[in-house]
Amino acid sequence: MAGSRFPTAQWGLGYPEQQGPGKRLPCPCSPDMANMYTLLRAVSSGLPHMIQELQNHIHDEGLRATSNLSQENMPTQFVESVLEVHSKFVQLINTVLNGDQHFMSALDKALTSVVNYREPKSICKAPELLAKYCDNLLKKSAKGMTENEVEDKLTSFITVFKYIDDKDVFQKFYARMLAKRLIHGLSMSMDSEEAMINKLKQACGYEFTSKLHRMYTDMSVSADLNNKFNNFIKNQDAIIDLGISFQIYVLQFELFYSQHFSGRKLTWLHYLCTGEVKMNYLCKPYVAMVTTYQMAVLLAFNNSETVSYKELQDSTQMNEKELTKTIKSLLDVKMINHDLDKEMEQTRSAVDEDRKMYLQAAIVRIMKARKVLRHNALIQEVISQSRARFNPSISMIKKCIEVLIDKQYIERSQASADEYSYVA
Numbered sequence: 001m002a003g004s005r006f007p008t009a010q011w012g013l014g015y016p017e018q019q020g021p022g023k024r025l026p027c028p029c030s031p032d033m034a035n036m037y038t039l040l041r042a043v044s045s046g047l048p049h050m051i052q053e054l055q056n057h058i059h060d061e062g063l064r065a066t067s068n069l070s071q072e073n074m075p076t077q078f079v080e081s082v083l084e085v086h087s088k089f090v091q092l093i094n095t096v097l098n099g100d101q102h103f104m105s106a107l108d109k110a111l112t113s114v115v116n117y118r119e120p121k122s123i124c125k126a127p128e129l130l131a132k133y134c135d136n137l138l139k140k141s142a143k144g145m146t147e148n149e150v151e152d153k154l155t156s157f158i159t160v161f162k163y164i165d166d167k168d169v170f171q172k173f174y175a176r177m178l179a180k181r182l183i184h185g186l187s188m189s190m191d192s193e194e195a196m197i198n199k200l201k202q203a204c205g206y207e208f209t210s211k212l213h214r215m216y217t218d219m220s221v222s223a224d225l226n227n228k229f230n231n232f233i234k235n236q237d238a239i240i241d242l243g244i245s246f247q248i249y250v251l252q253f254e255l256f257y258s259q260h261f262s263g264r265k266l267t268w269l270h271y272l273c274t275g276e277v278k279m280n281y282l283c284k285p286y287v288a289m290v291t292t293y294q295m296a297v298l299l300a301f302n303n304s305e306t307v308s309y310k311e312l313q314d315s316t317q318m319n320e321k322e323l324t325k326t327i328k329s330l331l332d333v334k335m336i337n338h339d340l341d342k343e344m345e346q347t348r349s350a351v352d353e354d355r356k357m358y359l360q361a362a363i364v365r366i367m368k369a370r371k372v373l374r375h376n377a378l379i380q381e382v383i384s385q386s387r388a389r390f391n392p393s394i395s396m397i398k399k400c401i402e403v404l405i406d407k408q409y410i411e412r413s414q415a416s417a418d419e420y421s422y423v424a
């Protein structure tokens with residue numbers, strides 16, 4: 001009954017559906033496996049061959065399960081595929097192979113190679129996929145799941161997480177996504193965030209999660225500070241006019257913060273900040289959550305219904321690129337209007353004024369050179385000189401002639417009303 005007497009395909013993993021050398025099917029025959037285990041356990045060198053066969057089989061099935069995943073929901077498919085393979089073979093080992101730890105170790109080795117598998121000359125995608133899987137579960141947008149269901153999925157997730165080799169890469173992705181959830185208020189609940197950090201801590205130790213713990217703690221402290229600051233504002237004797245620059249609020253918070261934490265310096269990351277703006281100009285008041293840049297632009301309209309781009313630049317001190325981007329975002333959601341008709345009217349009016357000044361200068365030059373000129377000849381000369389710049393209307397030229405007569409640059413000839421003379 002030595003191991004060498006049994007060909008691999010016969011004693012390795014027998015399947016009732018398809019027998020033959022080198023044939024492997026996904027559903028091992030439990031009675032055959034149990035008998036094989038009982039027989040080979042009695043042979044000194046029997047089990048290692050069977051263990052290796054099972055490990056190879058799990059590896060192959062794991063790769064099949066995690067390949068050709070759709071891009072749309074790849075993180076979820078990847079994690080659930082690995083968990084499905086893990087659950088299937090844990091059950092097999094416990095029920096058929098007497099829970100033998102050697103086979104459990106083979107399962108772990110096989111799934112480790114599956115999770116960390118990568119194509120030649122490419123990076124392993126598992127750390128990022130697992131971080132995105134957690135991000136999807138912990139966001140408010142997690143569809144149709146209660147906190148308890150999320151908790152169960154995250155507990156199962158740790159099974160897959162333990163197989164990752166590059167846990168530091170996972171930590172980087174997870175920290176970045178956690179920061180976005182906390183800053184933008186996207187977390188399903190702070191309790192779920194804390195529970196997940198504790199799960200990672202149990203799996204990898206305190207050092208691995210120390211940064212994540214600090215981020216979570218900072219948000220808790222921030223919430224407490226916001227409550228205290230609101231009370232601080234309410235207890236102030238001075239009443240703040242809502243129309244003043246929001247910079248005053250910033251200065252007040254810095255004063256408040258310095259009273260609580262001496263020796264610390266605040267650095268404002270305005271591109272990550274948000275605030276609430278109450279809009280009272282509609283049929284009923286609305287409260288909008290906006291970025292700091294958007295708030296700065298909106299507050300400029302407290303004193304005037306219309307504000308020019310230059311005025312916004314002066315009041316917000318934002319660079320042109322950021323201001324243009326912010327204005328566009330407010331235009332897109334129709335919080336402000338770009339009065340195109342009025343702008344076009346102003347532009348056309350400015351063009352008309354420029355044309356009138358140009359025509360008056362041309363008439364003066366012509367009359368200064370000719371001294372005396374008949375009406376039609378003057379009109380033709382003006383049109384000829386102006387054609388390179390624009391095509392002036394005869395009515396506009398006549399108006400300019402009348403203006404110059406009033407200003408006493410030219411005068412009508414006493415001999416003929418159809419003739420003009422230059423006034424030196």
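According to full-length UniProt numbering, the sequence shown is numbered sequentially starting from 1.
Cβ coordinates follow ideal geometry from the N, Cα and C atoms, glycine included.
Note that the structure is a prediction, hence the values are computed from the model and not measured.
A check of alpha carbon separations from N376 across A417, K407, D352 identifies A417 as the nearest. Contact between I366 and V382 holds: CB atoms are separated by about 7 Å, below the 8 Å threshold. Look at Y163 here: in three-state DSSP terms it is coil, with no helix or strand label.
By the C-beta criterion, the region 108 to 123 is judged to be in contact with the region 50 to 65, since at least 3 inter-stretch pairs fall below 8 Å. For L282, no alpha helix (DSSP H) encloses it, and the DSSP letter there is neither H nor E. Here the C-alpha atom of D224 lies approximately 17 Å from the C-alpha atom of L266. Just so you know, the alpha carbons of S308 and L272 end up roughly 26 Å apart. Contact annotation: L138 and R176 have beta-carbon atoms that are not nearer than 8 Å. A direct Cα-to-Cα measurement between T326 and M335 gives close to 11 Å. In the three-state reduction of the DSSP assignment, Y309 falls in the helix class. Using a C-beta cut-off of 8 Å, the region 34 to 42 makes contact with the region 92 to 99, since at least three inter-stretch Cβ pairs fall below that distance. Where I410 is concerned, the enclosing beta strand (DSSP E) starts and stops at 410 to 412. A residue is called buried when at least 16 other Cβ atoms come within 10 angstroms of its Cβ; H260 does not meet this threshold and is exposed. When DSSP states are grouped into helix, strand and coil, T291 belongs to the strand group. The beta carbon of C204 sits closer than 8 Å to those of K167, all from its chain and outside the five residues before and after it, given in chain order. At a Cβ-Cβ threshold of 8 Å, K371 and S421 count as neighbours.
Cβ neighbours of E419 within its own chain (closer than 8 Å, five residues either side excluded): V372, L373, R374, H375, R412, S413.
Counting along the chain, no alpha helix (DSSP H) covers S416, and no H or E run does either. Between the C-alpha atoms of T146 and F256 there is a straight-line separation of about 39 Å.
Residues of the same chain with a CB within less than 8 Å of the CB of E194, apart from the 5 flanking positions on each side, are Y216 in chain order.
At the C-beta level, K140 and M188 come within 8 Å of one another.
Along the length of the region 47 to 108, whole alpha helix (DSSP H) runs at least 4 residues long occupy 47 to 66, 74 to 96, reported in chain order. A direct Cα-to-Cα measurement between E320 and R387 gives close to 36 Å. In this structure, I397 is the residue among V364, I183, I397 with its C-alpha nearest to the C-alpha of Q380. Of the candidates K328, N302, A296, A296 places its Cα closest to the Cα of D314.
Its Cα nearest to that of N94, the residue A34 stands out among N302, A34, K399. Between the alpha carbons of M196 and L323 lies a distance of about 39 Å. The three-state reading of DSSP puts S210 in helix, counting H, G and I together. The bridge partners DSSP lists for V277 are A288. Taking all protein chains shown into account, F157 has 16 or more neighbouring C-beta atoms within 10 Å of its C-beta and is therefore buried. Within 10 angstroms of the beta-carbon of H86 lie 16 or more other beta-carbons, which makes it buried. Non-local C-beta neighbours of V403 in its own chain, meaning closer than 7 Å and more than five positions away in sequence, comprise Q360, ordered along the chain. For F89, the closest C-alpha among the options N68, I51, L69, E119 is that of I51. Counting along the chain, the unbroken alpha helix (DSSP H) around L130 starts and ends at 126 to 138.
Membership of V372 in the beta strand (DSSP E) is indicated by the continuous run 372 to 374.
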